[in-house]
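Asks: In the numbering used here, the protein residues as written are 3 to 239.
Below: one structure in structure tokens.
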Ligand code: DX5
Ligand code: ZN
């Protein structure tokens, strides 16, 4: 009898995806999808994550992609695939995104009728559990959930589009998240998303941010590879 060695997408992952900050997370929302393989090749799986923005033209006005694209990304990189779900009632699609290869699933507090159940569904799927808040949502609103999170995403623009201006006043929430964790011992990383470039990343870093999503500041620059290096340097300072 011949035995065939089973291969799984998991075997291709690096033994230790980076979970120690600072971490840069290029957002493919700003990438050229006709060259996705090249666009993803600048991501270093030992240092960076890949950020994927899922939008439903309902929770946000824009419409992007679903699990099919995540499956393609999964094939093209061994980096941690960080999926940001800007969709109403994401619970219904947790399994589909996880099966497609998402390593981390972030849902919006404002998009879930039963947030506790949604976070449990993400945990049960085996993905890392992320919770995001829009600029108008207070830090206090996430406090009851912080103990069960792997990631807290503080939006630094209104979700929906790349290339918007960074909202510096959101850094109060970043600082509050850092303080809460020091006092209560949570294990979540603090991610910022929206208007992140080397200068704003430095401000966010000073406030306590640890994962830095950047679309335009990487993929819409003349040299995305060098731009990502600039971002990595800025957050390492
Ligand atoms: C916005 C998305 C972001 C977007 C950021 O709703 O969540 O991830 O890609 O784009 P930049 O970095 O261009 O502001
Ligand atoms: Zn995002």
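All residues carry an ideal CB built from backbone N, CA and C; glycine is no exception.
Treat the numbers as computed from the prediction; the structure is a model and nothing was measured.
1. Between residue 18 and ligand 2, is there a pair consisting of the residue's CB and a ligand heavy atom that are separated by less than 7 Å?
2. Whole angstroms are fine: how far does the CA of residue 223 sit from the CA of residue 34?
3. Between the segment 105-114 and the segment 131-148, can you find at least three pairs of beta-carbon atoms closer than 8 Å?
4. Ends of the beta strand (DSSP E) at residue 28?
5. Check each candidate in 101, 195, 56 and name the one with the smallest Cα separation from residue 91.
6. Mapping the DSSP letters down to three states, classify residue 44 as helix, strand or coil.
7. Going straight from the alpha carbon of residue 221 to that of residue 77, what length do you get?
8. Under the assumption that residue 19 contacts residue 191 (Cβ atoms under 8 Å), give the Cβ distance between them as a whole number of angstroms.
9. Tell me whether residue 116 counts as near ligand 1, meaning its Cβ is closer than 7 Å to at least one heavy atom of that ligand.
10. Tell me the rounded alpha-carbon separation between residue 8 and residue 45.
11. Return yes when the C-beta of residue 53 is under 7 Å from any heavy atom of ligand 2, and no when it is not.
12. With a floor of 3 residues, list each beta strand (DSSP E) that falls wholly inside the segment 23-110, ordered by position along the chain.
13. Taking residue 123 as the reference, give the member of 148, 102, 135, 96 with the closest Cα.
14. On the DSSP bridge list, what partners appear for residue 132?
15. Hey, would you say residue 103 sits closer than 8 Å to residue 83, going by beta carbons?
16. Answer yes or no: do residue 162 and residue 62 have a C-beta to C-beta separation smaller than 8 Å?
Replies: Walking through what the data contain:
1. Numbered from 1 along the chain shown, position 16 holds the residue referred to as residue 18. No, the beta carbon of residue 18 sits no closer than 7 Å to any heavy atom of ligand 2.
2. Locating residue 34 in the chain shown gives position 32, where the first residue counts as 1. Locating residue 223 in the chain shown gives position 221, where the first residue counts as 1. Going by the C-alpha atoms only, they are around 12 Å apart.
3. yes
4. In the chain shown, the residue the question calls residue 28 occupies position 26. From DSSP, the beta strand (DSSP E) with residue 28 extends over 25-28.
5. Locating residue 91 in the chain shown gives position 89, counting from the first residue. It is 56.
6. Taking the chain shown and counting its residues from 1, one reaches residue 44 at position 42. If DSSP states are grouped into helix, strand and coil, residue 44 belongs with coil.
7. Taking the first residue of the chain shown as position 1, residue 221 is located at position 219. Taking the first residue of the chain shown as position 1, residue 77 is located at position 75. Roughly 20 Å between the two C-alpha positions.
8. Within the chain shown, the letter at position 17 stands for residue 19. Within the chain shown, the letter at position 189 stands for residue 191. Actually they are not in contact, since the Cβ atoms of residue 19 and residue 191 sit about 12 Å apart, beyond 8 Å.
9. Here residue 116 corresponds to residue number 114 of the chain shown, with the count starting at 1. False, no ligand heavy atom lies under 7 Å from that Cβ.
10. Translated into positions along the chain shown, residue 8 becomes position 6. Translated into positions along the chain shown, residue 45 becomes position 43. Note that residue 8 scores a pLDDT of 43, beneath 50, so its modelled location is shaky and nothing firm can be said.
11. Taking the chain shown and counting its residues from 1, one reaches residue 53 at position 51. Answer for residue 53: yes, Cβ within range of ligand 2.
12. 25-28, 51-57, 82-88, 106-110
13. Locating residue 123 in the chain shown gives position 121, counting from the first residue. It is 96.
14. Numbered from its first residue, the chain shown carries residue 132 at position 130. Beta-bridge pairing links residue 132 to 108, 153.
15. Mapped onto the chain shown, residue 103 falls at position 101. Mapped onto the chain shown, residue 83 falls at position 81. Yes, the pair counts as a contact, with Cβ atoms nearer than the cut-off.
16. In the chain shown, residue 162 corresponds to position 160, counting from 1. In the chain shown, residue 62 corresponds to position 60, counting from 1. Contact flag set, yes.
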